[in-house]
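Let me begin by presenting the structure, written as structure tokens, before commenting on it.
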Amino acid sequence: MPSKGIIAATTFLTFAPVLGARAQNAIPENIQIGLSTDRVSITSDFAGAELTIFGALDNADPLVSRQGRYDVIVVLEGPARPVMVRKKTRVLGMWINTESQIFRDVPESYSMALTRAPQDITDPAGYRQLALGPSNLYLQPLDADGDPKTIEEFTAALRERKEASGLYSVRVGGVRFLSQSLFRATLTLAPNVAVGTHRARAFLFRNGMFLRETSAQLTIRKAGMEQRLYEFAQQHGLIYGIAAVLIAIITGWIGRLVFRKD
């Protein structure tokens, strides 16, 4: 008898993803986004900008569209890199680093635009399931077996730091429908946005239910002399390091000659 129960449960789990895929395929609506360019060049005096992404709904229900019951969330997520968070403590009158925590695969930036307030689109469980929003990003510590309270403290500090620097942002009303099927999303690029490959993702909701997702890639790179120096440093790290040291020595020597006192 116990073996039959195990077989029945296994059979259900095996077919559950198939049924989910069939239900997804049965949804008539689809969503597409398009970027005017797949590459953005920034210079050293870049002070931030707004990025516009256009999109369209396919097979949208005219009645649902007229009633405004479609919602779209667009996210631009930066390249994932390890991040170290340090905690400073006052010791003998000086602030020094006493603790640190390393997080792996942290998005360098995260900009989100919505058609309306988050609570009017779907419930908190839906955001958590889709990992939508800065507060729902999974920030994985390198030492997952550490003290849970310490990890929670450093995780909150990392999110707060990203939001304070403008790298993590949310723009309510940043997605606007231009017609029943066309929409425009305006996202924020922080002045210190990271170079690399960013991923734009669009999520379609109907009456609070998630329907579809689509994505596109965007490359942000430095322009001009900064880009050439960056590429040279990446391709010839040793030569770049030696040149930087030599330039520092020569600059210091010239400064000593100019400002020396006879």
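Heads up: the sequence shown runs through residues 1245 to 1506, numbered per our numbering.
Positions of the beta carbon are idealized from the N, C-alpha and C atoms, including for glycine.
Remember, predicted model here, so these are calculated numbers, not experimental data.
* Looking at C-alpha atoms only, which residue of Q1373, V1284, P1362 is the closest neighbour of V1416? -> Per the Cα distances, P1362.
* To do: Counting only runs of 4+ residues fully inside the segment 1328-1414, write out the alpha helix (DSSP H) ranges in chain order.
  => 1368-1374, 1392-1408, all fully within the segment 1328-1414.
* Asked: Around the Cβ of P1356, are there at least 16 other Cβ atoms within 10 angstroms (buried) or fewer (exposed)?
  -> Checking the sequence shown, residue 1356 turns out to be Met, not Pro. Buried, because 16 or more other Cβ atoms sit within 10 Å of the Cβ of M1356.
* Backbone CA spacing between L1422 and S1309 [nearest angstrom] -> 11 angstroms
* **Cβ neighbours of G1370 in the same chain (closer than 7 angstroms, five flanking residues each side left out)** => F1454
* Would you kindly report the start and end of the unbroken alpha helix (DSSP H) that includes S1309? => 1306-1310
* Asked: Quick one: what's L1501 bridged to in DSSP?
  -> DSSP, once it has assigned bridges, lists no residue as partnering L1501.
* **Where Y1382 falls, given that 16 or more other Cβ within 10 Å makes a residue buried** => exposed
* To do: State whether the segment 1304-1321 contacts the segment 1285-1292, with contact taken as three or more CB pairs (one from each stretch) at a distance under 8 angstroms.
  => Taking 8 angstroms as the limit for Cβ pairs, the verdict is that the segment 1285-1292 does not touch the segment 1304-1321.
* Rounded to whole angstroms, what's the CA-CA distance from T1432 to Y1484? Just pull it up for me. => 33 angstroms
* Asked: Which value, in whole angstroms, describes the spacing of the CA atoms of A1375 and F1347?
  -> 17 angstroms
* Asked: Using the beta-carbon count (16 or more within 10 Å), is L1462 buried or exposed?
  -> Buried: at least 16 other Cβ atoms inside 10 Å.
* Between the Cα of A1438 and those of M1338, S1353, D1302, W1339, spot the shortest distance and give me the residue it belongs to. => Per the C-alpha coordinates, the member of M1338, S1353, D1302, W1339 positioned closest to A1438 is S1353.
* Asked: Among residues of its own chain, excluding the 5 on either side of E1507, which ones have a beta-carbon nearer than 6 angstroms to its beta-carbon?
  -> Here the chain covers residues 1245 to 1506 and nothing more, so residue 1507 does not appear.
* Taking contact to mean at least 3 C-beta pairs separated by less than 8 angstroms, is the segment 1319-1339 in contact with the segment 1393-1407? -> yes
* Specify the secondary structure class of I1271 as computed by DSSP and reduced to three states. => coil
* Count the other CB atoms, across all protein chains shown, that sit within 10 Å of the CB of S1459; report buried if there are 16 or more and exposed otherwise. => exposed
* To do: Quick one: using the 10 Å Cβ neighbour count with 16 as the cut-off for buried, is Q1345 buried or exposed?
  => buried
* Asked: Are there 16 or more other CB atoms within 10 angstroms of the CB of T1495, so buried, or fewer, so exposed?
  -> exposed
* **Cβ neighbours of V1327 in the same chain (closer than 6 angstroms, five flanking residues each side left out)** => F1347, V1350
* Asked: CB-CB under 6 angstroms to I1365, same chain, minus the five flanking residues each way: which ones, in chain order?
  -> D1315, F1449
* Cβ-based neighbour list, R1372, same chain, cut-off 7 angstroms, excluding 5 preceding and 5 following -> N1380
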